[in-house]
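Trainee: Pasting in a structure now, in C-alpha cells, and then I'll have a few things to ask.
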Amino acid sequence: MLSVIDGIYFWRKYSLYQTLRRNEVNPFLEILFPECKIESINLKNETITISASRKVKAAVCPECKQLSGRVHSYYSRKPQDLPMLGLFVRLNLRVRRIRCQNQACSKQTFAERWGNWLKPYAQKTTRNKNTLYHIGQVAGGEGGHRLLSHLKMEASGTTLIRIIRSQPLRDVEKPRIIGVDDWAIKKGRTYGTIIVDLERQQPIELLPDRTAESLTGWLQAQPNIQIVTRDRSPEYAKGIQNGATNAEQVADRWHLLLNLYQMLDRYLRQSHKRLCKLPITTYPDQDSIIERRGSFIRTEQAMIASKKSRSRRRELHQDIQRRK
Ligand SMILES: [Zn+2]
Numbered sequence: 026m027l028s029v030i031d032g033i034y035f036w037r038k039y040s041l042y043q044t045l046r047r048n049e050v051n052p053f054l055e056i057l058f059p060e061c062k063i064e065s066i067n068l069k070n071e072t073i074t075i076s077a078s079r080k081v082k083a084a085v086c087p088e089c090k091q092l093s094g095r096v097h098s099y100y101s102r103k104p105q106d107l108p109m110l111g112l113f114v115r116l117n118l119r120v121r122r123i124r125c126q127n128q129a130c131s132k133q134t135f136a137e138r139w140g141n142w143l144k145p146y147a148q149k150t151t152r153n154k155n156t157l158y159h160i161g162q163v164a165g166g167e168g169g170h171r172l173l174s175h176l177k178m179e180a181s182g183t184t185l186i187r188i189i190r191s192q193p194l195r196d197v198e199k200p201r202i203i204g205v206d207d208w209a210i211k212k213g214r215t216y217g218t219i220i221v222d223l224e225r226q227q228p229i230e231l232l233p234d235r236t237a238e239s240l241t242g243w244l245q246a247q248p249n250i251q252i253v254t255r256d257r258s259p260e261y262a263k264g265i266q267n268g269a270t271n272a273e274q275v276a277d278r279w280h281l282l283l284n285l286y287q288m289l290d291r292y293l294r295q296s297h298k299r300l301c302k303l304p305i306t307t308y309p310d311q312d313s314i315i316e317r318r319g320s321f322i323r324t325e326q327a328m329i330a331s332k333k334s335r336s337r338r339r340e341l342h343q344d345i346q347r348r349k
C-alpha cells in the first residue's frame, strides 16, 4: 500500500511529466535535440519515450557531400538517452533514408545524420555514453552496472568496459627519465614489468614479463630516454644496456635503502653473539638508564615490563608444577 510520502512523490513526478508534455516545453527540449521536431512525449513503465524527427528536409550524402532531399524510405531508431525526472529516457526517432541524386556517387541511398549528439549506428546518445564512461571509470564494470539501475540507466558491466576501452588514449609526451621495476600479475607466481615516467609521475607501460628482451624491445622504440632508474636486477641492466645504450642507469633510492636494510639485518644477525661480548658502556649523566642486562642497556620502563613478564612466566610454571 502506498504511503503519503509515496503518493506525494508520484504526484510530483506525474506533475512534472505533465509539464513536460505541454507544447511550450517542446522548444526547451528542442535545445537538447538540435534541429529536431519533438513529435510526442509518452510515459509508460517508468520510461519517458520522446518521439522526434529531423526538421531539416535535405541531407548531405556522406560519400559525395552533395545535398539531397529525395526520400527513399523511413525507419526508426530507439537510442537510450540520459534519465530525466528519475525516469528512463528512450528516444523514438523517425529516420529518413535519402536517395543520393549524384549519378557518379557510389552510394545509392544513405540515412540522414543527427549531429554530434547521436553518432551513426549508436544505440546511446553521446551524452549518455560520456556519463557511462565516467561511471565505469569510477565504479568499474560490475560496480557501475549495479549503480546504473538506481540512476535509471542501462548498460552491462561488459558494455561499460567496452566504452572505456573505446575512448582514444591521451597524447603522452615522450618520456626522458623513467623508472623500471617488476609488478605482480599473480603474487609469488607471475610477474611483469612496470615503466613509470618519473617526470610526470605516471605509469606509461606494462610489459607482460620481466625479461631483458621485452625491456630492450620497448626501449628501442623510445629514442628520447636519457636516464633509467632500476633495482639491482642484472636482467633489467642487460635490457637497458641493449635497448637504450646511451641512457644513464641509476640504482633507485627505494631499492638502495631496501638493500642496505637487508645487508645490515644479515650482518647484525651474524654478529649478535660477538656483540653480546662487548664491554659494558656506562652513561653516568643519563639517570633513566639504570642497569644493563645482556648486551643492551634498558630503560626503567623496559625493566619493569621485563620483571612483570618474568613473574607471569614463573607463576605459570609453578601452576603447571602443582597440577602434575
Ligand atoms: Zn552521394
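Quick note: the sequence shown uses this note's numbering, first residue 26, plus one each step.
Using N, Cα and C, we set each Cβ at its ideal position, and we do this for glycine too.
Relative to ligand 1, is the shortest distance from any of its heavy atoms to the C-beta of Q91 smaller than 7 Å?
Mentor: Yes, the Cβ of Q91 comes within 7 Å of a heavy atom of ligand 1.
Trainee: In the DSSP assignment, what are the bridge partners of N67?
Mentor: The partner list for N67 (beta bridge, DSSP) reads T74.
Trainee: Looking at I66 and E55, is the spacing between their C-beta atoms short of 8 Å?
Mentor: In this structure, I66 does not lie closer than 8 Å to E55 by Cβ.
Trainee: Does the segment 293 to 300 come within contact of the segment 222 to 235, defined as at least 3 CB pairs closer than 8 Å?
Mentor: With a cut-off of 8 Å, the segment 222 to 235 and the segment 293 to 300 do not count as touching, because too few Cβ pairs lie within range.
Trainee: Quick one: give me the first and last residue of the alpha helix (DSSP H) that E363 is part of.
Mentor: Here the chain has residues from 26 to 349 only, and residue 363 is not among them.
Trainee: Is the segment 163 to 182 in contact with the segment 196 to 204, if contact means three or more CB pairs nearer than 8 Å?
Mentor: No, they do not touch.
Trainee: On the DSSP bridge list, what partners appear for F6?
Mentor: Limits of the chain in this structure are 26 at one end and 349 at the other, which puts residue 6 out of reach.
Trainee: Give the list of continuous beta strand (DSSP E) stretches no shorter than 3 residues that lie fully inside the segment 215 to 247.
Mentor: Listed in chain order, they are 215 to 222 and 227 to 232.
Trainee: Can you find the residues in the same chain that come closer than 8 Å, C-beta to C-beta, to L283, ignoring five residues on each side of it along the sequence?
Mentor: Answer for L283: no residue qualifies.
Trainee: Kindly indicate the opening and closing residues of the alpha helix (DSSP H) around W279.
Mentor: Taken as a continuous stretch (DSSP letters only), the alpha helix (DSSP H) holding W279 covers R278 to C301.
Trainee: For I202, which option in T241, R235, P248 and K211 has the closest C-alpha, if you only look at C-alpha atoms?
Mentor: Per the Cα distances, P248.
Trainee: Does R317 come out as helix, strand or coil in the three-state DSSP assignment?
Mentor: Because R317 sits at a pLDDT of 49, beneath the cut-off of 50, its placement in the model cannot be relied upon, and the following sentence gives the value as read from the coordinates. Strand at R317.
Trainee: Once DSSP output is grouped into helix, strand and coil, what is the label at D151?
Mentor: The question names Asp, yet the displayed sequence has Thr at residue 151. Note: T151 maps to helix in three-state DSSP.
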